[in-house]
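Participant:
Number of protein chains: 2
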Amino acid sequence: MACVHNARRSFMRMLFTMMATALPAATAFAAGPIPADLREKALATFKALPSTTPAVANNPITPEKIALGKALFFDPRISASGVLSCSSCHNLATGGDDNLETSIGHGWQKGPRNAPTVLNAVFNIAQFWDGRAEDLKAQAKGPVQSGLEMANTPGQVIATLKSMPIYAEWFNAAFRGEADRVTFDNLAKAIEAFEATLVTPAPFDAFLNGDDGAITSEQKQGLALFMEKGCSSCHSGINVGGEGYYSFGLIEKPSTDVLPENDKGRFSVTNSADDSYVFRAAPLRNVALTAPYFHSGKVWDLKQAVAIMGTTQLGEELKAQEVDLLVAFLNSLTGEVAEVVLPILPAETATTPRSALQILGK
Amino acid sequence: MACVHNARRSFMRMLFTMMATALPAATAFAAGPIPADLREKALATFKALPSTTPAVANNPITPEKIALGKALFFDPRISASGVLSCSSCHNLATGGDDNLETSIGHGWQKGPRNAPTVLNAVFNIAQFWDGRAEDLKAQAKGPVQSGLEMANTPGQVIATLKSMPIYAEWFNAAFRGEADRVTFDNLAKAIEAFEATLVTPAPFDAFLNGDDGAITSEQKQGLALFMEKGCSSCHSGINVGGEGYYSFGLIEKPSTDVLPENDKGRFSVTNSADDSYVFRAAPLRNVALTAPYFHSGKVWDLKQAVAIMGTTQLGEELKAQEVDLLVAFLNSLTGEVAEVVLPILPAETATTPRSALQILGK
Numbered sequence: 012m013a014c015v016h017n018a019r020r021s022f023m024r025m026l027f028t029m030m031a032t033a034l035p036a037a038t039a040f041a042a043g044p045i046p047a048d049l050r051e052k053a054l055a056t057f058k059a060l061p062s063t064t065p066a067v068a069n070n071p072i073t074p075e076k077i078a079l080g081k082a083l084f085f086d087p088r089i090s091a092s093g094v095l096s097c098s099s100c101h102n103l104a105t106g107g108d109d110n111l112e113t114s115i116g117h118g119w120q121k122g123p124r125n126a127p128t129v130l131n132a133v134f135n136i137a138q139f140w141d142g143r144a145e146d147l148k149a150q151a152k153g154p155v156q157s158g159l160e161m162a163n164t165p166g167q168v169i170a171t172l173k174s175m176p177i178y179a180e181w182f183n184a185a186f187r188g189e190a191d192r193v194t195f196d197n198l199a200k201a202i203e204a205f206e207a208t209l210v211t212p213a214p215f216d217a218f219l220n221g222d223d224g225a226i227t228s229e230q231k232q233g234l235a236l237f238m239e240k241g242c243s244s245c246h247s248g249i250n251v252g253g254e255g256y257y258s259f260g261l262i263e264k265p266s267t268d269v270l271p272e273n274d275k276g277r278f279s280v281t282n283s284a285d286d287s288y289v290f291r292a293a294p295l296r297n298v299a300l301t302a303p304y305f306h307s308g309k310v311w312d313l314k315q316a317v318a319i320m321g322t323t324q325l326g327e328e329l330k331a332q333e334v335d336l337l338v339a340f341l342n343s344l345t346g347e348v349a350e351v352v353l354p355i356l357p358a359e360t361a362t363t364p365r366s367a368l369q370i371l372g373k
Numbered sequence: 012m013a014c015v016h017n018a019r020r021s022f023m024r025m026l027f028t029m030m031a032t033a034l035p036a037a038t039a040f041a042a043g044p045i046p047a048d049l050r051e052k053a054l055a056t057f058k059a060l061p062s063t064t065p066a067v068a069n070n071p072i073t074p075e076k077i078a079l080g081k082a083l084f085f086d087p088r089i090s091a092s093g094v095l096s097c098s099s100c101h102n103l104a105t106g107g108d109d110n111l112e113t114s115i116g117h118g119w120q121k122g123p124r125n126a127p128t129v130l131n132a133v134f135n136i137a138q139f140w141d142g143r144a145e146d147l148k149a150q151a152k153g154p155v156q157s158g159l160e161m162a163n164t165p166g167q168v169i170a171t172l173k174s175m176p177i178y179a180e181w182f183n184a185a186f187r188g189e190a191d192r193v194t195f196d197n198l199a200k201a202i203e204a205f206e207a208t209l210v211t212p213a214p215f216d217a218f219l220n221g222d223d224g225a226i227t228s229e230q231k232q233g234l235a236l237f238m239e240k241g242c243s244s245c246h247s248g249i250n251v252g253g254e255g256y257y258s259f260g261l262i263e264k265p266s267t268d269v270l271p272e273n274d275k276g277r278f279s280v281t282n283s284a285d286d287s288y289v290f291r292a293a294p295l296r297n298v299a300l301t302a303p304y305f306h307s308g309k310v311w312d313l314k315q316a317v318a319i320m321g322t323t324q325l326g327e328e329l330k331a332q333e334v335d336l337l338v339a340f341l342n343s344l345t346g347e348v349a350e351v352v353l354p355i356l357p358a359e360t361a362t363t364p365r366s367a368l369q370i371l372g373k
């Protein structure tokens with residue numbers, strides 16, 4: 012695995028060096044015509060979103076499971092305080108994230124990294140900035156138990172859910188045939204099922220699917236430039252990123268506010284020196300809605316984020332017009348969230364454990 | 012398992028038989044006939060919810076204003092931190108409140124009083140436990156500016172909204188013809204318009220409207236008892252409360268955890284000694300969803316809350332069966348929230364002021 016990674020990295024470095032020398036051509040392109048084979052090139056690199064909810068591993072998706080997952084996603088009672096739900100940091104009204112540098116959790120503690128969007132997250136190779144959760148069901152268990160986030164325990168979550176008979180009914184419907192239905196594993200699976208529905212088709216998808224008028228000519232130029240400059244070497248596939256791990260600062264380290272020294276990214280997962288300051292390439296769908304940028308959340312302006320990528324990953328100071336075209340392309344990745352009707356959650360009962368706020372008398 | 016169930020059922024049956032013989036007085040009433048004129052009596056005291064959105068004073072309600080108000084209601088960027096929205100404490104998924112003793116606000120500060128439900132609040136005589144806001148548009152301005160809640164300023168809120176062109180469009184559509192449209196007053200009016208739609212018809216309304224089968228015979232007995240005991244002297248009208256101000260502890264003071272000495276209620280509004288420990292009678296629609304109870308939020312069990320009302324307001328220790336019947340009636344006030352589709356909020360722009368979290372570097 013490490014070998015493959017290393018080989019890949021050497022190749023990427025070579026590629027970027029080659030590209031750096033090819034710079035003048037790219038500049039000429041910005042004002043030039045749109046390649047006739049733009050869609051073919053794009054289809055070799057990217058993939059349109061499916062029109063139906065994608066399947067996920069080891070978790071058959073059913074309407075009952077989606078409905079349960081939606082309720083759990085919006086339920087603050089799965090946090091120790093009774094204040095925070097998944098939607099607190101992954102707000103579907105604001106691009107599937109919280110528009111904060113880093114999130115605010117239990118006791119108003121500030122988290123260590125910027126909250127990634129939950130929109131289209133089902134297509135990422137793994138979850139979190141460092142890929143430490145292999146899928147959304149593994150991811151869902153993290154924040155619930157993190158002392159910085161929901162600060163709860165699986166036992167307390169399940170006791171809370173079991174105290175509300177309607178939840179038991181919903182778990183029964185979603186996990187029919189299982190001996191023990193109201194479990195922390197099933198909670199995570201239900202949340203994954205709901206999140207798998209959060210797929211946001213964008214003008215870019217319509218273009219990939221054959222509609223020439225779906226994106227503007229600036230967006231087409233931006234798309235061509237995105238591929239030509241090498242952005243798509245890392246930001247490729249169905250999520251325009253989210254498919255692999257790359258060193259942040261491959262050519263030139265960004266400033267320490269953008270890349271704080273104490274967060275070594277994937278190193279904390281693999282303990283491999285090669286993974287120091289390595290992060291999962293950000294998936295770029297809906298990027299225009301998800302400022303601030305990078306795992307540190309220090310950059311609020313998408314143009315500035317693109318320029319930083321130019322210097323740190325491509326070793327190139329992008330021209331203002333190039334940045335504008337790239338941002339135009341990125342805007343074509345802003346998709347439509349399917350209507351989400353707010354769930355009506357089960358009422359608490361006399362046996363519902365009281366939140367940590369009451370217990371602590373805080 | 013089946014055995015345990017059967018055993019339990021037999022035991023319960025025996026228990027009920029014993030209770031039936033052991034409680035002659037209450038049973039006499041409970042088992043007695045339901046007054047033939049129950050509906051007429053109820054209609055003299057209560058009023059069914061209207062089937063359309065009610066009008067509010069000085070604020071014509073339009074679809075554009077409702078849509079804008081819904082967006083504002085769900086937008087955390089009207090708080091200084093960018094973390095809290097109206098829906099944080101008035102969660103439409105959990106009965107229009109937050110199911111906490113008192114709410115958690117800016118910096119995880121704990122508020123002084125239990126958050127009242129926003130459902131049907133449009134029908135209250137005035138807003139807040141002490142009635143200090145004459146209507147919902149006056150109320151809406153409070154939490155935004157409270158240092159304990161959203162900790163923002165009108166100027167900062169308006170600068171935030173004006174930085175997002177889509178908000179300007181929405182304000183223009185909602186307040187067409189006005190010279191200055193994106194104002195704090197108009198924000199409050201839009202939120203009031205949305206909140207006026209949060210009307211929840213319940214089985215009790217169907218009964219008032221002539222459907223005898225809409226509520227159970229226990230609920231009918233509870234309703235008769237509610238009027239006979241005098242509960243409806245304060246809890247009357249369209250919201251089964253919320254129409255007048257009454258001393259909490261009229262006959263007997265409740266314990267100081269339920270009625271803390273330092274919160275004198277409406278006294279802080281009028282400075283009249285007569286208003287010491289006077290509060291607006293709680294509107295009881297959806298009361299089964301809005302534990303914990305009273306302004307102090309110290310009582311989690313609705314039965315216990317009813318019993319406390321008996322001793323403090325009626326000077327009477329209610330029998331267990333009476334409490335059960337009253338709670339049965341209260342359950343008939345649980346209504347249906349019309350479907351709320353989560354709004355998609357405008358994206359921030361380069362000119363959007365950054366939240367206090369970023370400014371303070373907290």
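Sequences listed follow chains A and B, in order.
All you need for the numbering used here is the position in the first sequence, starting with 1, plus 11.
All you need for the numbering used here is the position in the second sequence, starting with 1, plus 11.
Cβ coordinates follow ideal geometry from the N, Cα and C atoms, glycine included.
How would you list, in chain order, the residues of chain B whose beta-carbon sits under 8 Å from the beta-carbon of residue 312 of chain A?
Facilitator: Within 8 Å Cβ-Cβ: 361.
Participant: How many Å lie between residue 172 of chain A and residue 363 of chain A at the Cα?
Facilitator: So the two alpha carbons sit approximately 8 Å from each other.
Participant: Determine, using beta carbons only, whether residue 267 of chain A comes closer than 8 Å to chain B.
Facilitator: No - not a single Cβ of chain B is within 8 Å of the one on residue 267 of chain A.
Participant: Please state the DSSP three-state secondary structure of residue 324 of chain A.
Facilitator: Looking at residue 324 of chain A - three-state DSSP - the assignment turns out to be helix.
Participant: Is there a C-beta anywhere in chain A that falls below 8 Å from the one on residue 212 of chain B?
Facilitator: With 8 Å as the cut-off, residue 212 of chain B does not count as an interface residue toward chain A.
Participant: Below 8 Å between beta carbons: does that hold for residue 200 of chain A and residue 76 of chain A?
Facilitator: Going by C-beta atoms, residue 200 of chain A is nearer than 8 Å to residue 76 of chain A.
Participant: Please report the straight-line C-alpha distance between residue 336 of chain A and residue 143 of chain A, rounded to a whole angstrom.
Facilitator: Approximately 34 Å between the Cα atoms of the pair.
Participant: Within 10 angstroms of the Cβ of residue 163 of chain B, are there 16 or more other Cβ atoms? Answer buried if so, exposed if not.
Facilitator: Under this definition residue 163 of chain B is a buried residue.
Participant: From residue 64 of chain A to residue 349 of chain A, what does the alpha carbon distance come to, in whole angstroms?
Facilitator: Using only the alpha carbons, I get a separation of about 11 Å.
Participant: Please work out which residues of its chain come closer than 6 Å, Cβ to Cβ, to residue 152 of chain A, disregarding the five sequence neighbours upstream and downstream, and give them in chain order.
Facilitator: Around residue 152 of chain A: 199.
Participant: To the nearest angstrom, how far is it from the Cα of residue 135 of chain A to the Cα of residue 216 of chain B?
Facilitator: Whole-angstrom Cα-Cα distance: 49 Å.
Participant: Beta-carbon within less than 6 Å of residue 170 of chain A's beta-carbon, same chain only, minus the 5 sequence neighbours each way: which residues are those?
Facilitator: Cβ neighbours of residue 170 of chain A beyond the five flanking positions: 364.
Participant: Taking only runs of the alpha helix (DSSP H) that begin and end inside the region 131 to 219 of chain A, which ones reach a length of at least 4 residues, in chain order?
Facilitator: As far as the region 131 to 219 of chain A is concerned, its whole alpha helix (DSSP H) runs of at least 4 residues are 147 to 156, 165 to 173, 176 to 185, 195 to 207 and 214 to 219.
Participant: List the residues that DSSP assigns as beta-bridge partners of residue 102 of chain A.
Facilitator: The partner list for residue 102 of chain A (beta bridge, DSSP) reads A/108.
Participant: What are the partner residues of residue 57 of chain A, as DSSP defines its beta bridges?
Facilitator: Answer is A/248, bridged to residue 57 of chain A.
Participant: Interface residues of chain A around residue 183 of chain B at Cβ under 7 Å?
Facilitator: Going along chain A, no residue has its Cβ under 7 Å from residue 183 of chain B, so there is no contact; the nearest lies around 21 Å.
Participant: With a threshold of 7 Å on Cβ separation, who are the neighbours of residue 54 of chain B within its own chain once the five nearest residues in sequence on each side are excluded?
Facilitator: So the qualifying residues of the chain are 219.
Participant: Can a CB atom of chain B be found closer than 8 Å to the CB of residue 14 of chain A?
Facilitator: No answer about residue 14 of chain A holds up, because its pLDDT of 40 lies below 50 and its placement is not dependable.
Participant: Name the chain A residues whose beta carbon is nearer than 7 Å to that of residue 85 of chain B?
Facilitator: Chain A residues near residue 85 of chain B: 104.
Participant: In angstroms with no decimal places, state the Cα-to-Cα distance between residue 340 of chain B and residue 346 of chain B.
Facilitator: Near 13 Å, if we compare the C-alpha coordinates of residue 346 of chain B and residue 340 of chain B.
Participant: Would you grab the beta carbon distance between residue 260 of chain B and residue 323 of chain B for me? Rounded to a whole angstrom, and I think it's under 8 Å.
Facilitator: Indeed they touch by this definition, with Cβ atoms about 5 Å apart.
Participant: For the structure I just gave you, are there three or more beta carbon pairs, one from the region 232 to 245 of chain B and one from the region 112 to 126 of chain B, closer than 8 Å?
Facilitator: Judged by Cβ distances under 8 Å, the region 232 to 245 of chain B makes no contact with the region 112 to 126 of chain B, as fewer than three pairs qualify.
Participant: Throw me the rounded Cβ distance for the residue 108 of chain A and residue 97 of chain A pair, which I believe falls under 8 Å.
Facilitator: Actually they are not in contact, since the Cβ atoms of residue 108 of chain A and residue 97 of chain A sit about 11 Å apart, beyond 8 Å.
Participant: Going along chain B in order, which residues have a C-beta closer than 9 Å to the C-beta of residue 261 of chain A?
Facilitator: Those do not exist, as residue 261 of chain A stays about 27 Å from chain B at its closest Cβ, beyond 9 Å.
Participant: For residue 52 of chain A, write down the residues that DSSP places opposite it in a beta bridge.
Facilitator: Note: residue 52 of chain A sits in no beta bridge, so no partner.
Participant: At 8 Å on the CB atoms, spell out the chain B contacts of residue 352 of chain A, in chain order.
Facilitator: In chain order: 350, 351, 352 and 353.
Participant: With 16 other CB atoms within 10 Å as the buried threshold, where does residue 187 of chain B fall?
Facilitator: By the 10 Å Cβ count, residue 187 of chain B comes out exposed.
Participant: In three-state DSSP terms, what is residue 269 of chain B?
Facilitator: Looking at residue 269 of chain B - three-state DSSP - the assignment turns out to be coil, as it is neither helix nor strand.
Participant: State the Cα-Cα distance for the pair residue 176 of chain B and residue 83 of chain B, rounded to the nearest angstrom.
Facilitator: So the alpha carbons of these two residues sit roughly 14 Å apart.
Participant: Flag residue 54 of chain B as yes if its beta-carbon sits less than 8 Å from any beta-carbon of chain A, otherwise no.
Facilitator: Not an interface residue.
Participant: Using a Cβ-Cβ cut-off of 8 Å, state whether residue 112 of chain B counts as contacting chain A.
Facilitator: Taking Cβ atoms only, chain A reaches closer than 8 Å to residue 112 of chain B, which makes this a yes.
Participant: Once the 5 residues before and after residue 155 of chain B are set aside, which same chain residues still bring their CB inside 7 Å of it?
Facilitator: Excluding residues within five positions, the ones whose Cβ falls inside 7 Å are 89, 161, 163 and 168.
Participant: Alpha carbon to alpha carbon, how far is residue 95 of chain A from residue 95 of chain B? Give it in angstroms, no decimals.
Facilitator: So the alpha carbons of these two residues sit roughly 11 Å apart.
Participant: Output yes or no for whether 8 Å exceeds the beta carbon distance between residue 268 of chain B and residue 244 of chain B.
Facilitator: Contact flag unset, no.
Participant: Quickly, what does DSSP pair residue 121 of chain B with across the bridge? List them, please.
Facilitator: In DSSP, residue 121 of chain B forms a bridge with B/115.
Participant: Which residue's Cα is closest to the Cα of residue 273 of chain B: B/263, B/287 and B/262?
Facilitator: Looking at the Cα atoms, B/287 is the closest of the given residues.
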